[in-house]
Amino acid sequence: MPKPKNFRISDEVVFETIIQLCAAAWPDETVRPEEIAMTLHEVEWQALTKRIRLAVKQLAEAGHVQILRKGKPAPPDDFKGVYRVRLADSFWRDPVEEAATLTE
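Take the sequence shown: its letter number 56 is residue 194 in my numbering, and every next letter is one higher.
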């Protein structure tokens, strides 16, 4: 069996892919981490699963995505096992509009 070739994917590309797939699935669907990995690299996608998990965690902590376990929101610091991802409701809010509601 031939040795797999090394490949490099920037963090920016990983973050953008997660956001793009979640936006395409929004509002009715969620995205599996495997789908994200397969989009980034069809052959060696398994090698990307830990990296995607970390990126999803970072995006969730920033309020861009929401992590779901068994269909319910899970905290980014403490989720285990099978999970899915969707855009957080705050992702779609206009920052100017949100700031205006805070000052009222």
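Glycine included, every Cβ here is placed at the ideal spot set by N, Cα and C.
Non-local beta-carbon contacts of residue 151 in its own chain, meaning distances under 6 Å to residues more than five positions away in sequence, are absent. Classified as exposed, residue 220 has fewer than 16 neighbouring CB atoms from the shown chains inside 10 Å of its CB. Excluding five sequence positions before and after residue 177, the CB atoms of its chain that fall closer than 8 Å to its own CB belong to 155, 159, given in chain order.
Counting along the chain, residue 207 sits inside the beta strand (DSSP E) bounded by residues 203-207. Per DSSP, reduced to three states, the secondary structure at residue 193 is helical. Annotation for residue 186: no alpha helix (DSSP H) segment contains it, and DSSP assigns it neither H nor E. Secondary structure note for residue 152: its alpha helix (DSSP H) is the uninterrupted segment 149-163.
For residue 212, the uninterrupted beta strand (DSSP E) run begins and ends at 210-212, by DSSP. The alpha-carbon separation between residue 174 and residue 195 amounts to approximately 14 Å.
Distances from the CA of residue 170 to each of 207, 182, 149 were compared; the closest alpha carbon is that of 207.
Minimum Cα-Cα distance from residue 165 among the listed residues 231, 228, 224 corresponds to 224.
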